[in-house]
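Visitor:
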Amino acid sequence: MRMRLARQAADYIRQEAQYLRARSPAAAMRFLEQVRSVRRDLEQHSQAGFASDDLPIPGLRRLIRDGYRFDYRLTERFIEVAAISSSVNTPLTGPSDDPDFDYEL
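Residue 0 is where the sequence shown starts when you use numbering that gives the first Met the number 0, and the numbers rise one by one after that.
Below, the structure written as structure tokens:
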């Protein structure tokens, strides 16, 4: 099965590579190789990601690789990557319900 990228996913790859290239060309190359690796893996093992009701769109699967989330859906002909995002820079979804929650160990 072949993989294709939604516009949002393709835009993210371009922007992330540009951001990384400005700071570290080697990091940009690693990121692009990682994207190629995910493509190869998903084309061979389309069920590699997990499905969850917590994902933003019902029916998506998510593969997490080296700090990046790849959200995709399976169609009859393609693996469609809907979005790619960093799992490292994800803010908390909201404050804790615990009144003593203050990050102390």
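Backbone N, C-alpha and C fix where the C-beta goes; we use that ideal spot for every residue, glycine too.
Buried or exposed for G66, going by 16 or more other Cβ atoms inside 10 Å?
Guide: Reading the sequence shown from its first residue, position 67 is the one you call residue 66. With fewer than 16 other Cβ atoms within 10 Å, it is exposed.
Visitor: Spatial neighbours of A47 within its chain, please: C-beta separation below 7 Å, excluding the five flanking residues on both sides.
Guide: One-based indexing of the sequence shown puts residue 47 at position 48. D40, L41 and L62, listed in sequence order.
Visitor: Going by DSSP, name the residue or residues bridged to Y11.
Guide: Residue 11 sits at position 12 when you count from the first residue of the sequence shown. DSSP lists no partner for Y11.
Visitor: Relative to the C-alpha of S86, which residue among V80, R64 and Y71 is closest?
Guide: Translated into positions along the sequence shown, residue 86 becomes position 87. Comparing Cα positions, the closest option is R64.
Visitor: Report all residues from its chain with a CB closer than 6 Å to the CB of L59; omit the five preceding and five following residues, and keep chain order.
Guide: In the sequence shown, the residue the question calls residue 59 occupies position 60. D70 and R72, listed in sequence order.
Visitor: Specify, as a first and last residue, the run of the alpha helix (DSSP H) that M2 falls within.
Guide: Residue mapping note: residue 2 aligns to position 3 of the sequence shown, counting from 1. Looking at the DSSP string, M2 is not in any alpha helix (DSSP H); the run it does join, the beta strand (DSSP E), is R1 to L4.
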